[in-house]
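Numbering (mature numbering (1 follows the signal peptide of the UniProt record, and there is no 0)), first residue to last: -22 to -1, 1 to 489.
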């Protein structure tokens, strides 16, 4: 069920889902105890995911017909029974250790006034099909699970071109050439009373690192534009481990291969390593409390990241000339790899003690920062902050509204590269046209922002709808700057995201 936790994170979730695909085109919690359902991510955003009658002292979730994602069970308790026409099939499979999942997601995005080419749109649909097999039940192999997830990337519209029409560091939309993707094919083990979790095989790191659940919309670009890491629908060879210190705090370590030539060009079943350029590693500590445990719950994640592959300087050649002005030169390589650190968190600052329903009315603030030092990096700082109000509908625990400010700082070298690349290209066009076309030599702002309002609502049991409106200020040209004739436009982007948990609706998955 972790699958759904990954795909529901926010209104801009599709950016995180397959986001690193874009950067590769343009540049040189655990399977068992940690597996949250779709509801978990949606409801956790409101910091009320574990509310019960004991916590509320008012009313239990069973006494209110929840609309949208079902409420997750309290810590240490299994999900409730299956409901739906396939409940019998789900129960029979579970007797043999097999648990299936089926989730449909659809993200629609439009940029009426921002980007390289305003007035365009893209649609990213995906059907996620998953299976978790308890090999102890099935064949007597203790403490071992087989985990499999495949994504069918339909319906789709403009998924190969939308990146190049939006084009800023805020919008690393995936280029989706494949209709099917292997998301996960791993073995995992839960040891020492399930405190130690090990997983290895074909995987990515989006499940447990740089998580996107601090708010409905807390999707960051750093994994794609800096680390070149695969998103949630892609997989490479990797392994991870986590140690559960307490019910609320755990330590994680994950390592995957840096092999974008493989995962950007295949459906995930080509397991060769000949194009591997290095490794990407992330270590983190995560802490989370809920309304049952704390009046004003807290959630945070702090971590470090490192990519061993050398990276290309964003501006200079080895002889000190500009790559934009001297494209025949040899780009400077930094052999020490990329490293950085990050922190993000969420704190409920107010709750209504008189509120009825499984999630009390509450106000939460959140924020995060991702810092990537190093000479020649393009984007040394990414940060966000915001506030959300949730729990205002007693029978709709997923409902919330909020607003977020995002910030990405371009390095001085990146700003100069984009300015010089545009100047070089437009100067060539001007000479070819005999001066009919103007040369563009405008300074590129280093400070870029987005301001958004967003919301989400359960529209039926097992169905969640999210939406956002964002205004971009000084977006840069992160793709194809060397053939651009003008800067990306400030303006509006709109989006909607639909999640349908077919597994829960059909009874294959427990409520």
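C-beta atoms are modelled at their ideal positions from N, C-alpha and C, and glycine is treated no differently. Model, not experiment: these values are computed from the prediction.
Look at the alpha carbon of residue 15 and the alpha carbon of residue 95, and state the distance between them as a whole number of angstroms. Model confidence at residue 15 stands at a pLDDT of 36, short of 50, so the residue's coordinates are unreliable and nothing is read from them.
Give me, in chain order, the residues of the same chain whose beta-carbon lies closer than 6 Å to that of residue 318; leave out the 5 immediate sequence neighbours on both sides. 283, 349, 350
Just tell me which of 97, 149, 75 has its CA closest to the CA of residue 116. 75
Residue 167, buried or exposed, once every other Cβ within 10 Å from all chains shown has been counted against 16: buried
Return the residue from the list 112, 127, 126 that minimises the CA-CA distance to residue 120. 112
In this structure, how does DSSP classify residue 396 when only helix, strand and coil are distinguished? helix
So, helix, strand or coil for residue 489, using DSSP? coil
In angstroms, rounded to a whole number, what distance separates the CA positions of residue 247 and residue 178? 16 Å
Determine whether the beta carbon atoms of residue 446 and residue 92 lie at a separation below 8 Å. no
Verify whether the separation of the beta carbon atoms of residue 97 and residue 90 is less than 8 Å. yes
With the cut-off set at 8 Å, would you say residue 395 and residue 302 are in Cβ contact? yes
Could you name the residues that DSSP lists as bridge partners for residue 127? 108, 162
Selection from 430, 148, 456 that minimises the alpha carbon distance to residue 193: 430
Using the DSSP secondary-structure output, state which residues sit across from residue 322 in a beta bridge. 279, 346
Would you call the stretch 365 to 382 and the stretch 395 to 404 in contact, with 3 or more CB pairs under 8 Å? no
Could you name each continuous alpha helix (DSSP H) segment of 4 residues or more that falls completely within the stretch 218 to 270, going from the start of the chain to the end? 238 to 241
Rounded to a whole number of angstroms, what is the C-alpha to C-alpha distance between residue 418 and residue 157? 39 Å
As a quick exercise: from 300, 240, 436, pick the residue whose alpha carbon is nearest that of residue 215. 240
Helix, strand or coil: how does DSSP classify residue 502 here? This structure cannot settle anything about residue 502, because the visible part of the chain is limited to -22 through 489.
Residue 415 versus 331, 463, 440, residue with shortest Cα-Cα distance: 463
Going by the CB atoms, is the gap between residue 287 and residue 236 shorter than 8 Å? yes
Give the straight-line distance between the Cα atoms of residue 103 and residue 409, rounded to the nearest whole angstrom. 44 Å
Which residue's Cα is closest to the Cα of residue 328: 64, 289, 269? 269
Helix or strand or just coil, what does DSSP make of residue 369? coil
Reference residue 321, options 277, 310, 289, 251, closest by Cα: 277
Which of helix, strand or coil does DSSP assign to residue 402? helix
Given residue 307, which residues of its chain have a CB within under 8 Å of its CB, disregarding the five upstream and five downstream residues? 295, 296, 297, 299, 301
Between the C-alpha atoms of residue 387 and residue 424, what's the straight-line distance to the nearest angstrom? 5 Å
Taking residue 449 as part of the alpha helix (DSSP H), name the residues at either end of that continuous run. From DSSP, residue 449 is part of no alpha helix (DSSP H) but of the beta strand (DSSP E) over 441 to 451.
Check whether the Cβ atoms of residue 466 and residue 66 lie closer than 8 Å to each other. no
Is residue 1 helix, strand or coil when you go by DSSP? With a pLDDT of 39 at residue 1, under the threshold of 50, the modelled position of that residue is not reliable, and no figure is offered here.
Range of the contiguous beta strand (DSSP E) that encloses residue 378: 378 to 387
Tell me residue 178's beta-bridge partners as DSSP assigns them. 165, 217
For residue 62, which residues in the same chain have their Cβ closer than 7 Å to its Cβ, ignoring the five residues on either side in sequence? 483, 484, 485
Does residue 404 pass the burial test, meaning 16 or more other C-beta atoms within 10 Å, or should it be called exposed? buried
Check residue 480 in the structure and name its three-state DSSP category. helix
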